[in-house]
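**Student:** Numbering (this note's numbering), first residue to last: 1 to 759. Glycine residues also receive a C-beta, built at the ideal position from the N, C-alpha and C atoms. These figures come from a predicted structure and were not determined experimentally.
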Ligand code: 9MJ
């Protein structure tokens, strides 16, 4: 009981540090540990569970719709000022009504989120509701409980018995951008702006969805109060909120008179782009709460407060054209060229359309009238088309087939939103990036070839592709501005050194998509040379095991298990196929049994088969090269311009690049030229291994081993994965060495005899 309460108090505190102060005191892991301890206690003793427990943020049963909540005190909106003169009028009226010379105001940004009322009873969150029409809103208690910045229980003390706090729930711009990307990737229509995203995330009947969105909240006002008060001024109330663990805007200030208000509006306006939330203005509130009461309100808005708006960041304009840009990584991105339009002080004539799917989803066409918006520092984007204003004769936009910069094919990998230029090394748009990568430390490691130099070389058109680097001499480099003879000499020496690199580095340096260092090393080890890699088709990377028609995972496993459990069972005189069909293995039909018998002539051979061979599978022969990577590799080498660059790089005239031979365990080794430490050895494989059995079998065979299906006195080694059963027992009984995969790795890495037994 005491432990549960102590845990709750501690978790409330860390929650506050994390979400409100933005300054955690403990690691996420430590928080999780405390949280799990509390949940365990509450699960064992449900009576310990309290409604304000941190464990109760998500978990309310799903409602069918939101219940209506009538606000005890109406939730008003705000009157607007658009000019300095409007603010001066506002201040003049207030001074007149209050009969004073100077009025203090609390000034703060006006967030563009969703207004929410939080009702605390005895310091515990009892109800959360949307503003609705101001008189009644929707009960979103379960959803709001999931927001980390909303305390379920107030800190400290001294709060009114009933306290209604009001504020704005919002989604930070960065979180909004991430959410949009996720929704785009998931094929959903993304939210148009942070405000819609906040509203859409909160108004989710399933609180778990709300919980998955990083909503937060600033508290800025109050409604009903019973048995207590918040002090004499608005800033006293905000300070009290802060003390109770509620999140209050750090931008809130006290200013005096219209000049103070106007200066505040300017100052925040200058920083508007750098705030991590969307605002549409600033708010001024008479600071004295008694004065607020005297001034009262009109039908919908208080007389004592006003919003001074900023120019909108959404405008209507016309699309002149939709063009495609090629980025430094080859991404081909659609861009709308616009009739220039002013968006909150910034002249905008281009807007991103993200990708071709987006263009089609929004159906943006040249000639369309569109809404464009700009949020924070992000690139302006087209929000939607005003379809009523579409002129006749417009045509849907299509993805270009060829790169607008270099003319190479534009390709889009299956399931990817982004289309790319395949020009790679030779596309001018990608040239600098390709060179930077080629020269980088982990690639060709060309010392002294930095970004600035690459910039100069490309801009002066001295270098079209990486091979050109080797054609230039000391004189050419020394001619460049700010490049002494000494540095030029050093650079040429570095280039010379890089000629004797490794094949792995060279492959990595080519910048093939998805081919990182590890994959490049695996490719080099496997192919042993560039020629076999250039000649490789998809089936050099991926084995497409056809399998046996009608045999699925379960049947295959059941059959092999049966054989494993009956190591001596054999058909006698009967045909193997009939024997198989009559074993009583679930799902194994005679037609499939006949096919199996064609591929594996007897029970011993079949014992050596893998589930994947029976059910059919695609598997990779090289670590890290699955079907997608294999497609990138083959399409890279299929492009003639890439092959031309490679030919140039290997051309003896410029001083051929050569590399040291990599380790064994490769195609070449398999062909007989490599080490064969397992020559003459018979190996049996059993149990679950980290890689497909075929891949391991191929590896062992490359090392000279004969791989068979069952353990006998002729077996030299048993390679045993997890859950190795009868074969392992039999091997142990026969005194045969049992290896695990690590021991096998050690073997292929260089040792001639396995060093240690597994187990
Ligand atoms: C927003 N949206 O940030 C008020 N608001 O006060 C602030 N809204 C408000 N105050 C009275 N900071 C009614 C609305």
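Would you say the beta carbon of residue 275 is closer than 6 Å to some non-hydrogen atom of ligand 1?
**Tutor:** Checking the Cβ of residue 275 against ligand 1 gives no.
**Student:** What is the DSSP secondary structure of residue 104, counted as helix, strand or coil?
**Tutor:** Here residue 104 sits in strand by DSSP.
**Student:** Note down, one range per segment and in chain order, each beta strand (DSSP E) of at least 3 residues found wholly within the stretch 154-238.
**Tutor:** Counting only runs of 3 or more, we get 162-170 and 216-226.
**Student:** Could you compute how far the alpha carbon of residue 140 sits from the alpha carbon of residue 76?
**Tutor:** Whole-angstrom Cα-Cα distance: 19 Å.
**Student:** Using the C-alpha atoms, what's the distance from residue 388 back to residue 191?
**Tutor:** Whole-angstrom Cα-Cα distance: 22 Å.
**Student:** Note the first and the last residue of the continuous beta strand (DSSP E) segment covering residue 619.
**Tutor:** Element bounds for residue 619: 617-620.
**Student:** Any heavy atom of ligand 1 closer than 6 Å to the beta-carbon of residue 220?
**Tutor:** Yes, ligand 1 has a heavy atom inside 6 Å of this Cβ.
**Student:** Which of helix, strand or coil does DSSP assign to residue 572?
**Tutor:** Reduced to three states, the DSSP call for residue 572 is coil.
**Student:** Residue 268 and residue 255 - do their beta-carbons sit closer together than 7 Å?
**Tutor:** No, the Cβ-Cβ distance between residue 255 and residue 268 is not below 7 Å.
**Student:** Anyone know if the C-beta pair for residue 69 and residue 129 falls short of 7 Å?
**Tutor:** Yes, these two residues count as a Cβ contact at 7 Å.
**Student:** Using three-state DSSP, classify residue 421 as helix, strand or coil.
**Tutor:** Strand.
**Student:** When you compare only the Cα positions, how much space is there between residue 538 and residue 732?
**Tutor:** Cα to Cα, the separation comes out at about 41 Å.
**Student:** So what does DSSP say about residue 75, is it helix, strand or coil?
**Tutor:** Reduced to three states, the DSSP call for residue 75 is coil.
**Student:** For residue 226, count the other beta carbons within 10 Å of its own beta carbon; 16 or more makes it buried, fewer makes it exposed. Which is it?
**Tutor:** Exposed, since its Cβ has fewer than 16 Cβ neighbours within 10 Å.
**Student:** Hey, could you find the ends of the alpha helix (DSSP H) residue 271 is sitting in?
**Tutor:** First-last of the alpha helix (DSSP H) with residue 271: 257-271.
**Student:** Please name the residue, chosen from 34, 327, 348 and 2, that lies closest to residue 12 on a Cα-to-Cα basis.
**Tutor:** Measuring from the Cα of residue 12, the nearest candidate turns out to be 34.
**Student:** Bridge partners for residue 81 per DSSP, in chain order?
**Tutor:** DSSP, once it has assigned bridges, lists 308 as partnering residue 81.
**Student:** List the DSSP bridge partners of residue 99.
**Tutor:** Answer by DSSP bridge pairing: none, since residue 99 is not bridged.
**Student:** Is the beta carbon of residue 588 sitting closer than 7 Å to the one on residue 563?
**Tutor:** It is not a contact, given that the beta carbons lie outside the stated cut-off.
**Student:** Check whether the Cβ of residue 111 sits closer than 6 Å to any heavy atom of ligand 1, and report yes or no.
**Tutor:** Yes, since a heavy atom of ligand 1 falls inside the 6 Å radius drawn around the Cβ of residue 111.
**Student:** Where does residue 645 sit, in a helix, a strand or coil, going by DSSP?
**Tutor:** Three-state DSSP puts residue 645 in a helix.
**Student:** Assuming the contact rule is C-beta atoms closer than 8 Å, residue 169 and residue 114 should be a hit. Round their C-beta distance to whole Å, please.
**Tutor:** Yes, residue 169 and residue 114 are in contact; Cβ-Cβ is about 5 Å, under 8 Å.
**Student:** Confirm the yes/no value for this check: CB of residue 168, any heavy atom of ligand 1, distance under 6 Å.
**Tutor:** True, at least one ligand heavy atom lies under 6 Å from that Cβ.
**Student:** Can you tell me whether residue 399 sits near ligand 1, meaning its C-beta is under 6 Å from at least one heavy atom of the ligand?
**Tutor:** Every heavy atom of ligand 1 is 6 Å or more from the Cβ of residue 399, so no.
**Student:** Using the C-alpha atoms, what's the distance from residue 426 back to residue 664?
**Tutor:** Because the pLDDT of residue 664 is 42, which lies under 50, any placement of that residue in the model is unreliable, and the question is left without a value.
**Student:** Could you tell me the distance, in whole angstroms, from the CA atom of residue 215 to the CA atom of residue 148?
**Tutor:** If I take the Cα positions, the gap works out to 8 Å.
**Student:** Using a threshold of 7 Å, state whether the C-beta atoms of residue 386 and residue 380 are closer than that.
**Tutor:** No, Cβ-Cβ distance for residue 386 and residue 380 is not below 7 Å.
**Student:** By the three-class DSSP mapping on this structure, what secondary structure does residue 54 have?
**Tutor:** Residue 54 falls in the helix class under three-state DSSP.
**Student:** At 4 residues or longer, and completely inside the stretch 451-539: list those alpha helix (DSSP H) runs for me, N to C.
**Tutor:** Listed in chain order, they are 451-459, 466-471, 474-478, 485-499, 503-509, 517-527 and 530-535.
**Student:** With residue 542 and residue 597 assumed to form a contact (beta carbons below 8 Å), what rounded beta-carbon distance in angstroms separates them?
**Tutor:** Not confirmed; about 27 Å, so no contact.
**Student:** I'd like the list of long-range same chain contacts for residue 16, defined as Cβ closer than 6 Å, with 5 residues on each side in sequence excluded.
**Tutor:** Once the five neighbours on either side are set aside, the close Cβ partners of residue 16 are 245.
**Student:** Could you tell me the alpha carbon to alpha carbon distance between residue 767 and residue 96, rounded to whole angstroms?
**Tutor:** Residue 767 is absent from the structure shown; the chain starts at 1 and stops at 759.
**Student:** What do you get for residue 714, buried or exposed, if any count of 16 or more other CB atoms within 10 angstroms of its CB means buried?
**Tutor:** Its Cβ having fewer than 16 others within 10 Å, residue 714 is exposed.
**Student:** Taking the DSSP output, what are the residues bridged to residue 334?
**Tutor:** Answer is 324, bridged to residue 334.
**Student:** Would you check if the stretch 309-327 and the stretch 293-300 touch, i.e. whether three or more CB-CB distances between them fall below 8 Å?
**Tutor:** No, because fewer than three Cβ pairs between the stretch 293-300 and the stretch 309-327 fall closer than 8 Å, the two stretches do not touch.
**Student:** What beta strand (DSSP E) runs, 3 residues minimum, are completely inside the stretch 370-400?
**Tutor:** Listed in chain order, they are 381-385.
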